[in-house]
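A.B. asks:
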Amino acid sequence: MWTVVITFLAFSPIYAYLSVQLVELGERAEIYVGPDVVTWKRIRDDNDAEEFVKYCEPYERAPICYRFVGKNNISSIPATYAHVNKDGTLVIESVKESDIGRYSSPDQTPHVSGL
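Just so we're aligned: the sequence shown equals residues -16 to -1, 1 to 99 in mature numbering (1 follows the signal peptide of the UniProt record, and there is no 0).
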């Protein structure tokens, strides 16, 4: 079984934050950067396109609520089933090699996470 390294790096005028997690392919991954995060953005290593997933209320059913989508709201290919918890935690249900990339949230700056 392959193992993916998740790296999270955040800088601000007050502090710097680095987090490294090992995640096996097929396992669930969670990244938390603090409160007030609604939207997560990623840029995969094999593609320069920005993809997004966001927190949604339980009654919302838009694709962006449960998987990464491009700016035109079309699901990424291959699809990554993910969601954002109410506390801002990004949850990727089953990590695949295609999930490797840079993860960040436009709601907090600056910060980048690698998967």
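Glycine is no exception: its CB is placed at the ideal position from the N, C-alpha and C atoms.
A quick note: this is a predicted structure, and the numbers were derived from the prediction, not measured.
1. In whole angstroms, what separates the C-alpha of Glu8 from that of Asp29?
2. DSSP on residue 166, reduced to helix/strand/coil?
3. Look at the Cβ atom of Val53, then the Cβ atom of Ser60, and state whether they are nearer than 9 Å.
4. DSSP three-state label for Ile15, please.
5. Between Arg26 and Arg86, which are expected to be in contact by the criterion C-beta below 8 Å, what is the C-beta distance as a whole number of angstroms?
6. Quick one, are the C-beta atoms of Gly72 and Tyr50 less than 9 Å apart?
7. Going by DSSP, name the residue or residues bridged to Lys25.
8. Quick check: what's the CA-CA separation for Ile84 versus Asn31?
9. Tell me the DSSP bridge mates of Ala66?
10. Within a Cβ cutoff of 8 Å, which residues of the same chain sit near Ile48, ignoring the five residues on either side of it in sequence?
C.D. replies: Taking the geometry as given:
1. Annotation: Glu8 to Asp29 spans about 18 Å, alpha carbon to alpha carbon.
2. As shown, the chain starts at -16 and ends at 99. That puts residue 166 outside it, with no answer to give.
3. Their beta carbons are under 9 Å apart, which means Val53 touches Ser60 by this criterion.
4. Assigned with DSSP and collapsed to three states, Ile15 falls in strand.
5. For Arg26 against Arg86, the beta-carbon gap comes to about 6 Å, under 8 Å, which counts as contact.
6. It is not a contact, given that the beta carbons lie outside the stated cut-off.
7. Answer is Phe36, Ser88, bridged to Lys25.
8. Roughly 10 Å separates the two Cα atoms.
9. The secondary-structure analysis by DSSP pairs Ala66 across a beta bridge with Ile76.
10. The answer, listed in chain order, is Phe36, Val37, Lys38, Cys40, Asn57.
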